[in-house]
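Asks: Please read through the structure below; I'll follow up with questions.
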Amino acid sequence: MKNSKLKWLVTGSILNNAGVSFIWPLNTIYMHDHLGKSLSAAGFVLLLNSITTLVGNFAGGRLFDRIGGYKTILIGLLTSIVSLIGLVMYHGWPAYAVLLVVLGLGTGIVVISINSFAASMSGYEHRYVFNSIYLGLNVGVAVGTSIAGFIADINITLIFTANLLLYIAFLAIVLFFYKDLAVVHHPDHPEETKRIKTGRRSQKQFINVLVICALYLVIWIGYVQWQSNVSARLPELHISMKQYSFLWTINAVLIVIGQPLISQIIKKAARTYKVQINIGVISFILSFVVLMFSVQYAGFLVAIVLLTFGEMFAFPAIPAMISTIAPTGQKGACQSFVNMSSTIGRAIGPVIGGIIVERSSYTYLYIVIIILMGLSILIFHYLLKHMSSY
458 MKNSKLKWLV TGSILNNAGV SFIWPLNTIY MHDHLGKSLS AAGFVLLLNS ITTLVGNFAG
518 GRLFDRIGGY KTILIGLLTS IVSLIGLVMY HGWPAYAVLL VVLGLGTGIV VISINSFAAS
578 MSGYEHRYVF NSIYLGLNVG VAVGTSIAGF IADINITLIF TANLLLYIAF LAIVLFFYKD
638 LAVVHHPDHP EETKRIKTGR RSQKQFINVL VICALYLVIW IGYVQWQSNV SARLPELHIS
698 MKQYSFLWTI NAVLIVIGQP LISQIIKKAA RTYKVQINIG VISFILSFVV LMFSVQYAGF
758 LVAIVLLTFG EMFAFPAIPA MISTIAPTGQ KGACQSFVNM SSTIGRAIGP VIGGIIVERS
818 SYTYLYIVII ILMGLSILIF HYLLKHMSSY
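The numbering of the sequence shown is the working numbering, which starts it at 458 and goes up by one.
Following this line, the structure appears as structure tokens:
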């Protein structure tokens with residue numbers, strides 16, 4: 458019984474992330490090439506989508522604590538399904554933009570529900586539960602992106618129907634299996650609340666957290682270019698949507714099969730979080746250097762491998778480092794800043810990138826990202842130089 462509970466939670470994570478991966482990487486292409494909208498307009502829609510996703514995260518967390526996970530995830534799924542039904546029927550402009558914004562609200566609630574279920578599941582070590590969810594996330598991305606490319610090549614509007622079917626399948630699983638998921642509530646301990654400090658040390662720790670989150674935000678501004686503006690350039694180079702989707706399949710597969718190897722490298726050569734983050738950011742920078750000179754598909758293959766390598770190092774290290782240095786009694790709040798940083802980065806990244814491309818070029822965009830990441834890692838080390846043991 459215990460194993461089946463985690464199994465269905467991971468299955469939900471796979472279906473949810475497969476559904477998100479169906480639409481998210483193709484949004485810019487669809488709005489730019491099929492609806493005739495500018496890159497900055499497409500970026501603005503993605504900005505609104507990210508904002509409603511953030512609202513969904515916040516609302517979902519509050520609802521989870523007040524009415525329970527089962528009802529909360531149902532609200533998120535039903536919101537997503539209603540918006541997807543709308544997209545199947547009305548995928549022109551401006552209906553597409555409005556429904557995509559509503560979809561962000563629903564998926565935001567669903568994501569936070571899955572994470573909250575994982576955090577409150579009894580009978581497992583938390584690290585094991587979240588590793589399983591993370592694995593499910595990447596399997597979902599691999600499945601979603603690989604299938605999405607083939608469907609888009611047939612008819613891009615079929616993506617909405619396929620996504621709707623995935624969420625209906627997820628709803629069926631929730632109705633049959635999620636009601637019995639064990640949820641253990643952990644109310645704030647009054648003595649723990651008393652120990653929360655507002656003094657100098659606590660403020661310094663909080664500033665350290667903000668510095669790390671600022672670096673994370675910049676990383677996501679660069680990372681999200683792959684899911685937005687880079688995808689819009691590929692048709693100009695005669696690279697199909699199927700080939701673009703395959704890049705993300707490679708990304709997910711490398712994460713799934715490469716994590717044990719990366720763990721060994723970290724143990725032997727990157728024993729501190731700062732070294733681990735260094736390796737990740739340098740790999741991100743190299744990815745954009747390769748993009749600057751890529752006009753053939755092979756160049757994009759090399760760049761996505763470098764991007765994935767950076768992701769495997771930096772993305773797990775940043776929340777782990779923040780958890781280590783967070784002030785007593787504020788670990789949950791500090792982790793929420795991690796999520797907000799990535800969400801804001803995903804929101805403003807496409808807008809910034811779209812404006813730069815329209816006013817200059819893709820090469821200039823890549824140069825800006827390289828400079829931003831380089832400066833951010835230098836500032837990160839300068840401001841946290843007192844934390845040599847981390």
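For every residue, glycine included, the Cβ atom is placed at its ideal position computed from N, Cα and C.
So for residue 525, helix, strand or coil by DSSP?
Replies: Residue 525: coil per DSSP, three-state reduction.
Asks: Using only the alpha-carbon positions, how far apart do residue 802 and residue 769 sit?
Replies: Straight-line Cα distance between these residues: approximately 18 Å.
Asks: Look at the alpha carbon of residue 746 and the alpha carbon of residue 830, and state the distance between them as a whole number of angstroms.
Replies: Residue 746 and residue 830: Cα-Cα distance of roughly 12 Å.
Asks: Where does residue 646 fall in DSSP's three states?
Replies: Below a pLDDT of 50, predicted positions are generally treated as unreliable, and residue 646, at 38, falls in that range; no measurement from the model is reported.
Asks: Does the Cβ of residue 752 have 16 or more other Cβ atoms within 10 Å, making it buried, or fewer, making it exposed?
Replies: Residue 752 should be labelled exposed.
Asks: Between residue 823 and residue 618, what straight-line distance do the alpha-carbon atoms span, to the nearest angstrom?
Replies: Residue 823 and residue 618: Cα-Cα distance of roughly 35 Å.
Asks: Would you mind reading off the limits of the alpha helix (DSSP H) that contains residue 838?
Replies: First-last of the alpha helix (DSSP H) with residue 838: 819-840.
Asks: Please report the distance separating the alpha-carbon of residue 662 from that of residue 570.
Replies: Rounded to whole angstroms, residue 662 to residue 570 spans 29 Å at the Cα level.
Asks: Within its chain, find whatever has a CB closer than 6 Å to the CB of residue 466; leave out the 5 residues flanking it on each side and keep chain order.
Replies: Excluding positions up to five away in sequence, the list reads 574.
Asks: Taking only runs of the beta strand (DSSP E) that begin and end inside the region 552-611, which ones reach a length of at least 3 residues, in chain order?
Replies: Entirely contained in the region 552-611, not one beta strand (DSSP E) run reaches 3 residues.
Asks: Do you know how far the Cα of residue 754 is from the Cα of residue 696?
Replies: Cα-Cα distance, rounded: 7 Å.
Asks: For residue 599, I'd like the list of residues in its chain whose CB is within less than 6 Å of its CB, leaving aside the five on either flank, ordered along the chain.
Replies: Around residue 599: 706, 709 and 710.
Asks: 7 Å is my cut-off, CB to CB: does residue 483 come that close to chain C?
Replies: Considering every chain present, this structure includes no chain C. It has just one protein chain.
Asks: What do you reckon, are the CB atoms on residue 561 and residue 533 nearer than 7 Å?
Replies: Not closer than 7 Å, so no.
Asks: Should residue 572 go down as buried or exposed, given a rule of 16 or more other Cβ atoms within 10 Å for buried?
Replies: Residue 572 is buried by the Cβ-count criterion.
Asks: How far does the alpha helix (DSSP H) with residue 723 in it extend, from its first residue to its last?
Replies: Residue 723 -> alpha helix (DSSP H) spans 698-726.
Asks: Please specify which runs of the beta strand (DSSP E), each continuous and at least 3 residues long, are wholly inside the region 739-774, giving them in chain order.
Replies: Within the region 739-774, no complete beta strand (DSSP E) run reaches 3 residues.
Asks: Could you give the distance in angstroms between the alpha-carbon of residue 516 and the alpha-carbon of residue 804?
Replies: So the two alpha carbons sit approximately 18 Å from each other.
Asks: For residue 505 and residue 567, which I take to be in contact (beta-carbon distance under 8 Å), what is that distance rounded to the nearest angstrom?
Replies: Contact flag wrong, Cβ pair sits at about 18 Å.
Asks: Which residue marks the beginning of the alpha helix (DSSP H) containing residue 631, and which one marks its end?
Replies: Its alpha helix (DSSP H) spans residues 615-634.
Asks: Whose C-alpha, out of 676, 840 and 779, is nearest the C-alpha of residue 764?
Replies: Looking at the Cα atoms, 676 is the closest of the given residues.
Asks: Within the chosen definition, does the region 721-731 reach the region 610-630 through at least 3 CB pairs nearer than 8 Å?
Replies: No, they do not touch.
Asks: So, residue 730 versus residue 774, is the Cβ gap smaller than 7 Å?
Replies: Yes, they are a contact pair.
Asks: Kindly indicate which residue of 483, 519 and 819 has the alpha-carbon position closest to the one of residue 565.
Replies: Among 483, 519 and 819, the Cα nearest to that of residue 565 is on 519.
Asks: Measuring only the C-alpha atoms, how far is residue 873 from residue 511?
Replies: No answer is possible for residue 873: the residues shown for the chain start at 458 and end at 847.
Asks: Assuming the contact rule is C-beta atoms closer than 8 Å, residue 807 and residue 500 should be a hit. Round their C-beta distance to whole Å, please.
Replies: That belief holds up - the Cβ atoms of residue 807 and residue 500 are roughly 4 Å apart, short of 8 Å.
Asks: What's the C-alpha gap between residue 578 and residue 638?
Replies: Whole-angstrom Cα-Cα distance: 8 Å.
Asks: Do you know offhand how far residue 527's Cα is from residue 687's?
Replies: Near 38 Å, if we compare the C-alpha coordinates of residue 687 and residue 527.
Asks: Report the option in 700, 743 and 758 whose CA atom is closest to the CA atom of residue 609.
Replies: When each option's Cα is compared against that of residue 609, the closest is 700.
Asks: Give me the Cα-Cα distance between residue 463 and residue 552, rounded to the nearest whole angstrom.
Replies: Distance between the alpha carbons of residue 463 and residue 552 is about 37 Å.
Asks: I need the straight-line Cα distance from residue 835 to residue 841, nearest angstrom please.
Replies: Each residue's alpha carbon lies about 10 Å from the other.
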